[in-house]
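Below is one structure, written out as C-alpha cells, with a few remarks after it.
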Amino acid sequence: QEQRRYQDAVAAYRAFRTAHPQSVLVPFASDRLQRTFAAWAAELRRDRQFDRAVGVYRDLLAEVGRGPGVAQARADLAATYVERSADARARVAAATGAPPLDAVRSAVADLLVVAQEFADTPAAGGVPTALTETYTAATRALGEQRFCDALPVLEYFAGLAAGAGD
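Take any residue in the sequence shown, count from 1 to its spot, add 40: that is its number in the numbering used here.
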C-alpha cells in the first residue's frame, strides 16, 4: 500500500485472511485492507479516474459492511458520483451541435444514484441543483432553436421515471 501498489496490497490482505482465518492478526489485516481501498479510491478520484474510483469505493463498502467507517465510505462514494456527473455535464456543455446523449444519460444516472442510494450523504444536497444544471446544459440547443438537436435529449428527460425528481 505504501508503494501505491494497491491491487497487490488488496490481494495480499485477502490472501492472508483466507490462509489464516483464526489468526489474531485478521482484524489488523481487515483494517489495513479497508485503509488500502480508501487510499486507492482517493488517489483515483484525485486523478479524475472516476469509473475506477467508484468501483474501488464499492469494494470498500462491501468490506466495511455496517462497521465503523461506513458513513465516510458512503460520503466519499456519493461525492465521486457527483464529480463524475459534473465531468459528464462539462462534456455536454462543451459540445457543439447535438449534445452527446450518452454523457447526458451518464450525468443524470450518477445523480439519481446519489439521490436514491446515498440520500443521507452531504453530496445528496446538491443533486437537485446539479440535475437542473445538467438539463440546462443538455437543452441548450432548444434555446438556440436547433430543435432537431434538442429532440433526443428532450425525449430522454421526458422518459425518466417520476421518481427522478422535478
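Here a beta-carbon is modelled for each residue, glycine too, at the ideal position from N, C-alpha and C. Being a predicted model, the structure only gives us computed values, none of them experimental.
Is the beta carbon of residue i sitting closer than 8 angstroms to the one on residue j?
i	j	result
ARG72	ASP127	no
VAL94	ARG124	yes
ALA163	VAL154	yes
ALA118	PHE90	no
GLN62	GLU103	no
LEU101	ARG114	yes
ALA69	ARG57	yes
PRO67	LEU141	no
Could you name the residues of the same chain whose beta carbon sits closer than 6 angstroms to that of residue i, not counting the 5 residues immediately before and after it, in chain order?
i	result
ALA216	This structure cannot speak to residue 216, because the chain is shown only from 41 to 206.
ARG92	LEU84
ALA143	ALA128, ARG131, VAL132
Residues in the same chain with beta-carbon distance under 8 angstroms from residue i, minus the five sequence neighbours each way, listed in chain order, please.
i	result
LEU194	THR179, LEU182
GLY26	Because the chain in this structure spans residues 41 to 206, residue 26 falls outside the shown range and cannot be described.
Enumerate in chain order the residues of its own chain whose CB-to-CB distance from residue i is below 7 angstroms, with the five nearest sequence positions on each side excluded.
i	result
ALA190	THR179, ALA181, LEU182
VAL96	PHE77, TRP80, ALA81, LEU84
TYR208	As shown, the chain starts at 41 and ends at 206. That puts residue 208 outside it, with no answer to give.
GLY109	GLN74
VAL167	LEU151, VAL154, ALA155
Using CA atoms only, rank isn't needed, just tell me which of the options is closest to residue i.
i	options	result
THR161	ARG57, THR120, GLY203, GLN74	THR120
ASP150	ALA135, ARG129, ASP48, PHE68	ARG129
LEU200	GLU103, LEU171, GLU184	LEU171
ALA138	GLN156, ASP116, LEU152, ARG186	ARG186
Specify, as a first and last residue, the run of the alpha helix (DSSP H) that residue i falls within.
i	result
GLN156	141-157
PRO162	Segment: none, PRO162 is in no alpha helix (DSSP H) and carries neither H nor E.
GLY95	90-104
LEU191	187-198
PRO168	167-178
LEU65	Where LEU65 is concerned, there is no enclosing alpha helix (DSSP H), given that its DSSP letter is neither H nor E.
ASP87	Where ASP87 is concerned, there is no enclosing alpha helix (DSSP H), given that its DSSP letter is neither H nor E.
THR136	Taken as a continuous stretch (DSSP letters only), THR136 belongs to no alpha helix (DSSP H), as it is neither H nor E.
GLN43	No alpha helix (DSSP H) contains GLN43, which DSSP labels as neither H nor E.
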